[in-house]
């Protein structure tokens with residue numbers, strides 16, 4: 042029997058030092074925070090887009106060029122892609138069982154997410170700065 046009543050691991054796992062790495066809660070918490078941020082930023086984005094429904098190109102461009110709209114749009118991009126990477130990471134870790142495929146996919150989604158955020162942020166900044 043275990044000397045510690047709260048330690049429910051198998052004695053072999055305890056001897057090998059196997060068990061929780063204590064990092065799962067942080068991942069879960071980050072996913073929930075980004076989801077909450079996406080709800081708030083998503084409502085803002087829907088309101089902005091619905092306000093521009095019958096507007097012309099110049100009006101839409103002027104709306105995106107406003108400083109708060111540009112900052113919030115970039116925040117939406119960062120939050121959306123970060124949340125997507127976290128979700129896809131969980132799916133890949135759960136369902137891809139070949140280690141090299143798992144690592145390749147994880148690196149690929151992170152690379153594509155960073156590239157997409159940079160491209161989207163550059164587009165918003167070009168509009169906001171009038172280039």
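Numbering (the working numbering), first residue to last: 42 to 172. Backbone N, C-alpha and C fix where the C-beta goes; we use that ideal spot for every residue, glycine too.
Have a look at residue i and residue j and give me their C-alpha separation to the nearest angstrom.
i, j, result
"residue 100", "residue 93", "8 Å"
"residue 155", "residue 49", "40 Å"
"residue 88", "residue 96", "14 Å"
"residue 91", "residue 78", "20 Å"
"residue 144", "residue 47", "34 Å"
"residue 153", "residue 136", "20 Å"
Candidates the options: which alpha carbon is nearest residue i's?
i, options, result
"residue 73", "155, 125, 153, 139", "125"
"residue 83", "168, 121, 165, 154", "121"
If I measure Cβ to Cβ from residue i and keep anything under 8 Å in the same chain, skipping five residues before and after, which residues do I get?
i, result
"residue 105", "111, 114, 165, 168, 169"
"residue 171", "106"
Our contact map puts residue i next to residue j with C-beta atoms below 8 Å; I'd like the distance itself, whole angstroms only.
i, j, result
"residue 118", "residue 67", "Contact flag wrong, Cβ pair sits at about 23 Å."
Classify residue i as helix, strand or coil using the three-state DSSP reduction.
i, result
"residue 43", "A caution first: residue 43 carries a pLDDT of 47, below 50, which makes its placement in the model unreliable, though a value can still be read off. It is coil, neither helix nor strand."
"residue 51", "coil"
Determine whether the Cβ of residue i lies closer than 7 Å to any Cβ atom of chain C.
i, result
"residue 47", "Looking at the structure shown, chain C is missing, and only one protein chain is on hand."
Spatial neighbours of residue i within its chain, please: CB distance less than 7 Å, with the 5 preceding and 5 following residues excluded, ordered by chain position.
i, result
"residue 85", "113"
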